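Working notes for the structure below.
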Amino acid sequence: MRTDARFFDGEIARDHMAVAEITAQGLQIEGLDVAQRIWSLSGLTAVTPPQPGYPFRLSHESEPGARLVITQEAFARELVARAPHLAGGFNPRRAGRIAAIVAASALATAGVLYVLLSYAPQTLAFVLPDSWRDSLGNQVEATLANDGKLCATSAGNDTLRRLAARMTEGNPEIPSFEVKIYDLKILNAFALPGGRIVMTRKLIDAARTPDEVAGVLAHEIGHVYHRHSEAQLIRAMGIELLLRIASGGGDTVSSLAGLLAILQYSRDAEREADSFAQTALVHAAIDPMGFKRFFEELKKLEGSGGSGGGLFDAMGDMMSTHPVTDERIEAIKPLPEGVAARPALSDTDWQSLRKICD
Amino acid sequence: MTFQAFGARGSGSDTPLSFTYVDKPGLGKIALLNALLMVLTLTVYRFWAKTNVRRHIWGCVHINGEPLEYTGRGIELFLGFLIVFAVFFLPVSVVLTVLQLSLGPEHPLLIGANLVLVLVIFLLWGMALYRARRYQLSRTLWRGIRASLVGSSMTYSLLYFGAMLLRSMTLGWSTPAMNLNLQERMTGDMRIGSMPFRFKGRAGPLYGPYAICWVVTLLAFIAVALLAGFGVYGLFGDELKAIGGSVTTDPSNPVPDAHRIGLVIGFAIVGAFVLFAIVSSITWAFYVARELSIFASYTTLDNARFRLETTAGSLIWLVLGNLLLIVFTLGIATPFAQQRLVRYLVSRLSADGIVDVNAILQSREAVGRTGEGLADAFDVSWI
Numbered sequence: 002m003r004t005d006a007r008f009f010d011g012e013i014a015r016d017h018m019a020v021a022e023i024t025a026q027g028l029q030i031e032g033l034d035v036a037q038r039i040w041s042l043s044g045l046t047a048v049t050p051p052q053p054g055y056p057f058r059l060s061h062e063s064e065p066g067a068r069l070v071i072t073q074e075a076f077a078r079e080l081v082a083r084a085p086h087l088a089g090g091f092n093p094r095r096a097g098r099i100a101a102i103v104a105a106s107a108l109a110t111a112g113v114l115y116v117l118l119s120y121a122p123q124t125l126a127f128v129l130p131d132s133w134r135d136s137l138g139n140q141v142e143a144t145l146a147n148d149g150k151l152c153a154t155s156a157g158n159d160t161l162r163r164l165a166a167r168m169t170e171g172n173p174e175i176p177s178f179e180v181k182i183y184d185l186k187i188l189n190a191f192a193l194p195g196g197r198i199v200m201t202r203k204l205i206d207a208a209r210t211p212d213e214v215a216g217v218l219a220h221e222i223g224h225v226y227h228r229h230s231e232a233q234l235i236r237a238m239g240i241e242l243l244l245r246i247a248s249g250g251g252d253t254v255s256s257l258a259g260l261l262a263i264l265q266y267s268r269d270a271e272r273e274a275d276s277f278a279q280t281a282l283v284h285a286a287i288d289p290m291g292f293k294r295f296f297e298e299l300k301k302l303e304g305s306g307g308s309g310g311g312l313f314d315a316m317g318d319m320m321s322t323h324p325v326t327d328e329r330i331e332a333i334k335p336l337p338e339g340v341a342a343r344p345a346l347s348d349t350d351w352q353s354l355r356k357i358c359d
Numbered sequence: 202m203t204f205q206a207f208g209a210r211g212s213g214s215d216t217p218l219s220f221t222y223v224d225k226p227g228l229g230k231i232a233l234l235n236a237l238l239m240v241l242t243l244t245v246y247r248f249w250a251k252t253n254v255r256r257h258i259w260g261c262v263h264i265n266g267e268p269l270e271y272t273g274r275g276i277e278l279f280l281g282f283l284i285v286f287a288v289f290f291l292p293v294s295v296v297l298t299v300l301q302l303s304l305g306p307e308h309p310l311l312i313g314a315n316l317v318l319v320l321v322i323f324l325l326w327g328m329a330l331y332r333a334r335r336y337q338l339s340r341t342l343w344r345g346i347r348a349s350l351v352g353s354s355m356t357y358s359l360l361y362f363g364a365m366l367l368r369s370m371t372l373g374w375s376t377p378a379m380n381l382n383l384q385e386r387m388t389g390d391m392r393i394g395s396m397p398f399r400f401k402g403r404a405g406p407l408y409g410p411y412a413i414c415w416v417v418t419l420l421a422f423i424a425v426a427l428l429a430g431f432g433v434y435g436l437f438g439d440e441l442k443a444i445g446g447s448v449t450t451d452p453s454n455p456v457p458d459a460h461r462i463g464l465v466i467g468f469a470i471v472g473a474f475v476l477f478a479i480v481s482s483i484t485w486a487f488y489v490a491r492e493l494s495i496f497a498s499y500t501t502l503d504n505a506r507f508r509l510e511t512t513a514g515s516l517i518w519l520v521l522g523n524l525l526l527i528v529f530t531l532g533i534a535t536p537f538a539q540q541r542l543v544r545y546l547v548s549r550l551s552a553d554g555i556v557d558v559n560a561i562l563q564s565r566e567a568v569g570r571t572g573e574g575l576a577d578a579f580d581v582s583w584i
């Protein structure tokens, strides 16, 4: 089968009239000023896929710039019948291969990132210089406190200082920290970078005994001890950077993800802080049952639906950042035999703590 | 053996040029598939999406009956992006983060570093434009002959930066001359195969339209400002006086609602701004239309001189239509907006004179392996 065709040799822009013929060896092209050549069928590429009513344009691997334009549809159909890869369209084998490559690289990337984000931040958190931790803490505290009133700090308040000191006595590995009581709209306690522990007035109001407050404080000291908040911030920055790589600079998604990531610790982190709290409370001879009771109260609150309303309310509340599970409540054990419990605070101290924001 | 020429213009040494946009089906499928995969891949697919659209639109642009061919590949754009990310954005992010961590967010050194970054981005802006153009041309074939951009992106970048500085220093009056300079460099560096495009002309004819648009914009600004001012004063004149004097004598209407007045003034400012933006956009469409058409008439290829018939009205309709098209389809129809733009230019483009097609030889310029990293990062390429 043969047809008239238009030929470009890929060296000069002018066109040549040629005759194309399908032979046993392949596609033979020849013209008055076109030297005879044979293009193998397997080396052909359709520059534009064959479409009825449109010229069919072909190139060949042996002459990258050369183009053959066929307008006779019967010839084009015959050629596609002989060389089906020219038809274009959906190719299951090729699509399968691409899907496999994409899936494999996506899985590998996800795996590497998961490992990196799980372990690297915790390690980095311990090498962060104290001045950086402090600067980070300043920024986070300013965002968190917003315009809430600062009622007292362990630096200025004797009751808080003594309670904190009792919990850390004899453990030199705990970095220095400061306890701050804020009057905020939420019931919560946070460990921030740079050794700042923020407790809200509502938390103290909700506690029935000083042992409960001491338990929460011990838990937050655990977060400080393990540098959880620094690690979490580093992780959030890493996630933000990754999202920026993916989207080429999308900010809304990344900052929301960052905020969620900062406020919420992993279950492992919570377990570590709980276990630290257990040890510290026993060491200070404070009854851990207070801590346990506080958790049980929170659990009940969760059952009743909590505060409800608004994403920020939900995030700001204790339940969302410190999800209490039965497993965690179970893990809190009473003082061992032979250790006599001493109250966390004297009655006078407890009364003064309850009025700290007045 | 018979040789039949099917509409074969353009085999000789004295060929006139013709440009047509020939629609073909398939863009809708590309648009939908692109949108779907962009969502599924958190926009990483954008490089392949862009490539698919270009391949389609290039193939619709016919010069003397033969379509353009786009040979770029998504992976090339992706690699270009990764390189720019690794050598520019990653180090910059790390340095800024470390500075912020170690010094706090309001330290003068951090502010200084941010200013330097802004300066560097301005300096690289022209380079991004130039390199994107170079990549696109190197992937554009006509009759199997490759186009190219042969100059230095550094030179262009400096010129672009200078033009930006000069523009702000001269309240805009350097714009026509500098635009001409930039266009001269870009067009003068363009080749189709071995044949260069040439650009030659004076900035003089641009200044008439520019002066008119500049003065109209100034008057529009004053008018809109007065309108907003008098509007607010007319509504609240008495109450404003009361606030000014902070004494009220009428006990039935003692305290003017300062909060409400503040709100209305806020709305007036926003409204005035929007009104001014609309008026000045329409005004400047006249200049842009003139500039496009004058620049085209300064451009030659061999013995052919280009002509682009643009009007402000059609340009406004083009931009407005594209805006609506993109907004109301949440970006899914972006390929159609790009098609409208290319179709607009191609269908209004023509050339007087002839080109020696026998003198257009295959390009010997080296072809880069990756493309458009900076342009993607700054989001400057329009297609």
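Chains as they are written, first to last, in our numbering: chain A, 2 to 359; chain B, 202 to 584.
We put the CB at the ideal spot given by N, CA and C, even for glycine.
Since the structure is predicted, the reported quantities are computational estimates derived from the model, not experimental observations.
Buried versus exposed call for residue i [16 or more other C-beta atoms within 10 Å across all chains shown]
i	result
residue 156(A)	exposed
residue 293(A)	buried
residue 349(A)	exposed
residue 450(B)	No answer about residue 450(B) holds up, because its pLDDT of 48 lies below 50 and its placement is not dependable.
residue 367(A)	What is shown of chain A runs 2 to 359, which leaves residue 367(A) out entirely.
residue 164(A)	buried
residue 211(A)	buried
residue 43(A)	exposed
residue 102(A)	exposed
residue 252(B)	buried
residue 221(A)	buried
residue 183(A)	buried
residue 523(B)	buried
Spatial neighbours of residue i in its chain, beta-carbon cut-off 6 Å, leaving aside the 5 residues before and after
i	result
residue 381(B)	404
residue 553(B)	506
residue 219(B)	265
residue 509(B)	493, 494, 497, 549 and 550
residue 35(A)	8, 17 and 19
Residue i (DSSP reduced to helix, strand or coil)
i	result
residue 344(A)	coil
residue 61(A)	strand
residue 18(A)	strand
residue 26(A)	coil
residue 198(A)	strand
residue 488(B)	helix
residue 345(B)	coil
residue 2(A)	coil
residue 211(A)	helix
residue 608(B)	Only positions 202 to 584 of chain B appear in the structure, and residue 608(B) is not among them; the question remains open.
residue 338(A)	coil
residue 31(A)	strand
residue 268(A)	helix
residue 455(B)	With a pLDDT of only 48 at residue 455(B), under 50, the local geometry of the prediction cannot be trusted, and the value read off the model is given with reservation. Coil.
residue 270(B)	strand
Sequence-distant residues of its chain with Cβ nearer than 7 Å to residue i (five each side left out)
i	result
residue 41(A)	27
residue 487(B)	410, 414 and 513
residue 231(B)	253, 254, 257 and 536
residue 69(A)	6, 8, 21, 30 and 59
Contacting residues, own chain, Cβ-Cβ under 8 Å from residue i (five flanking each side not counted)
i	result
residue 314(B)	296, 297 and 300
residue 239(A)	117, 118, 121 and 122
Against chain A: residues of the segment 328-346 of chain B by CB proximity under 9 Å
342, 343, 344, 345 and 346
Give the list of continuous alpha helix (DSSP H) stretches no shorter than 4 residues that lie fully inside the segment 115-193 of chain A.
131-146 and 159-169
Let me know the beta strand (DSSP E) ranges lying completely inside the segment 212-242 of chain B, each 3 residues or longer, listed in chain order.
220-222
To be precise: take each residue of the segment 491-509 of chain B, compare its Cβ to all Cβ atoms of chain A, and keep it if any distance is under 9 Å. Which residues remain?
none
Uninterrupted beta strand (DSSP E) stretches inside the segment 495-570 of chain B (no shorter than 3 residues)
500-502, 504-509 and 550-556
Looking at chain A, which residues of the segment 551-572 of chain B have a Cβ within less than 7 Å of any of its Cβ atoms?
558, 559, 561, 562 and 563
Chain-ordered residues of the segment 102-127 of chain A with a beta carbon less than 9 Å from chain B
103 and 107
Which residues, in chain order, does the segment 213-238 of chain B contribute to contact with chain A at a C-beta distance below 7 Å?
225
Could you tell me which whole alpha helix (DSSP H) segments of length 4 or greater appear in the segment 279-307 of chain B?
291-304
Mind listing, in chain order, the continuous beta strand (DSSP E) runs of no fewer than 3 residues lying wholly within the segment 43-98 of chain A?
45-49, 57-61 and 64-71
To test your reading of the DSSP string, which unbroken alpha helix (DSSP H) runs of 4 or more residues are found completely within the segment 349-410 of chain B?
354-370 and 376-389
Could you run through the segment 355-382 of chain B and flag, in chain order, every residue whose CB is less than 8 Å away from some CB of chain A?
none
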